[in-house]
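Colleague: Let me begin by handing over the structure; questions about it come next.
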Amino acid sequence: MRLSGGDHLHSGTVVGKLEGDREATLGWIDIMRDSFIKEDRSRGIFFDQDWGSMPGVIPVASGGIHVWHMPALVNIFGDDSCLQFGGGTLGHPWGNAAGAAANRVAVEACVEARNSGRELEKEG
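Going left to right, the sequence shown walks through residues 6 to 129 as my numbering numbers them.
And the structure:
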């Protein structure tokens, strides 16, 4: 996708129903963002990749993710990503608007905690 001009690509999530190997997912995320990626077979990167000045691709996470996954998602994906909450928003017991608000509050709280030095995945 990156080579053909795509701007976003589903990368897997590590959590949720599309759970995958953490190191391999982090490797794919690096491939999407970085201009040079060194071979690291443990992360699914089988050869050096020099993307030069080609723009990166935004990693997308979706599939069974919800507010309880937010500490892990913020730690894994950082700030430059697209988190798609379908059922995790629409299935909120107080309705769609409350689900959307819960997601927004959770992501902002997790980013603030991470930026102040908290270890999100350990502390929750």
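We put the CB at the ideal spot given by N, CA and C, even for glycine.
According to DSSP, simplified to helix, strand and coil, what is residue 20?
Modeller: Residue 20 falls in the coil class under three-state DSSP.
Colleague: Would you kindly work out how many angstroms separate the C-alpha atoms of residue 17 and residue 65, rounded to a whole number?
Modeller: Their Cα atoms are separated by approximately 8 Å.
Colleague: With a Cβ-Cβ cutoff of 8 Å, do residue 69 and residue 122 count as a contact?
Modeller: Contact flag unset, no.
Colleague: Tell me the DSSP bridge mates of residue 15?
Modeller: Paired residues: 65.
Colleague: Runs of 4 residues minimum, wholly inside the stretch 22-56: which ones carry the alpha helix (DSSP H) assignment?
Modeller: Runs found: 27-38.
Colleague: Taking the alpha carbon of residue 49 as the reference point, which residue from 95, 35, 60 has its own alpha carbon closest?
Modeller: Out of 95, 35, 60, 35 has the C-alpha closest to the C-alpha of residue 49.
Colleague: Restricting to Cα atoms, I'd like to know which of 107, 28, 115 is closest to residue 83.
Modeller: Nearest option by C-alpha distance: 115.
Colleague: If you draw a straight line from the C-alpha of residue 80 to the C-alpha of residue 125, how long is it?
Modeller: Looking at the two C-alpha atoms, the distance is approximately 7 Å.
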